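Residue numbers (the working numbering): 110 to 402.
Here it is, written out as structure tokens:
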């Protein structure tokens with residue numbers, strides 16, 4: 110029986126049937142576009158063996174600059190039952206990856222939690238999300254996810270409304286990240302430098318949004334004990350087609366802006382990673398061709 114959906118902060122009450130529905134444009138059961146070793150995550154997530162990345166289709170945001178829009182707004186994918194999802198996680202584990210990387214699974218949280226329940230993987234489970242998710246849904250993952258890797262995209266609601274149609278994003282993301290930290294605590298690395306548990310906050314620098322990035326970094330530095338969370342400052346922003354109404358987003362990140370923000374991150378004492386501006390390339394976008402399914 111279809112049930113009105115209230116999984117994410119949209120609370121859109123959609124009846125998600127076989128063909129998908131709601132703001133995330135997703136069916137009731139999880140739909141996956143790719144499941145394979147991935148080498149584009151931070152070193153503490155993938156290491157030399159890569160992470161087993163499961164790319165879920167659909168998304169509850171509408172980021173105008175989305176690099177994965179081929180799948181974030183519906184698109185290709187294979188619908189999986191909970192037993193099939195469980196089997197998929199085990200197959201990826203058996204390929205020798207360092208972790209299981211669940212990418213944008215927020216709108217499938219109950220089914221993913223059921224698939225993870227009782228599953229002995231022997232590697233960390235990474236929840237790789239937009240940061241736009243409810244505390245209530247995150248609590249379903251407690252004890253099942255060891256590493257949370259959320260984005261923190263926007264500090265102010267007007268920017269979040271303009272670029273992702275989610276004016277409440279800042280308040281929602283702050284509450285979500287605090288809940289993630291409550292669940293897993295300060296980060297821990299193993300002997301290989303891989304994260305065993307903890308929170309890694311990501312921020313994608315947007316053109317001209319230096320204050321936005323600084324405010325997000327201030328949050329990470331001030332709201333958590335020193336050295337307890339990791340931070341990833343990303344300059345890989347790549348202008349995508351369809352940005353005619355957003356001229357300010359039609360250029361990559363300027364090296365000068367990137368250097369200023371890296372210096373700011375250092376001054377705050379945040380531990381983690383940053384990118385050089387040469388990281389901006391469409392080659393980082395994987396093929397969503399049902400690989401591994």
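Even for Gly, the Cβ is constructed at its ideal location relative to N, Cα and C.
Here the structure is a predicted model, which means the values were calculated and not measured.
Where do the ends of the alpha helix (DSSP H) carrying residue 196 lie? From DSSP, the alpha helix (DSSP H) with residue 196 extends over 191-202.
Please name the residue in 220, 402, 345 whose C-alpha comes closest to that of residue 253. 220
Determine, using beta carbons only, whether residue 195 and residue 162 come nearer to each other than 8 Å. no
I'd like to know whether the C-beta atoms of residue 321 and residue 382 end up nearer to each other than 8 Å. no
For residue 258, which residues from the same chain have a beta carbon less than 6 Å from its beta carbon, with the 5 sequence-adjacent residues on both sides left out? Hits under 6 Å: 235, 237, 309.
Compute the Euclidean distance between the alpha carbons of residue 155 and residue 297, then round it to the nearest angstrom. Cα to Cα, the separation comes out at about 15 Å.
For the alpha helix (DSSP H) that contains residue 178, what are its first and last residues? 178-181
Inter-stretch contact at 8 Å, needing at least 3 Cβ pairs: the region 264-278 / the region 288-305: Judged by Cβ distances under 8 Å, the region 264-278 makes no contact with the region 288-305, as fewer than three pairs qualify.
Does residue 367 come out as helix, strand or coil in the three-state DSSP assignment? It is helical.
Enclosing alpha helix (DSSP H) for residue 211 [first to last residue]: No alpha helix (DSSP H) contains residue 211, which is instead part of the beta strand (DSSP E) from 209-212.
Of the choices 119, 241, 188, whose alpha-carbon is the least far from that of residue 286? 241
Around the Cβ of residue 278, are there at least 16 other Cβ atoms within 10 angstroms (buried) or fewer (exposed)? buried
Only counting the same chain, and skipping five residues up and downstream in sequence, which positions put a Cβ closer than 6 Å to that of residue 295? Excluding the 5 residues flanking it on each side, residue 295 has same chain C-beta neighbours closer than 6 Å at 337, in chain order.
Less than 8 Å between the beta carbons of residue 125 and residue 114, yes or no? Their beta carbons are under 8 Å apart, which means residue 125 touches residue 114 by this criterion.
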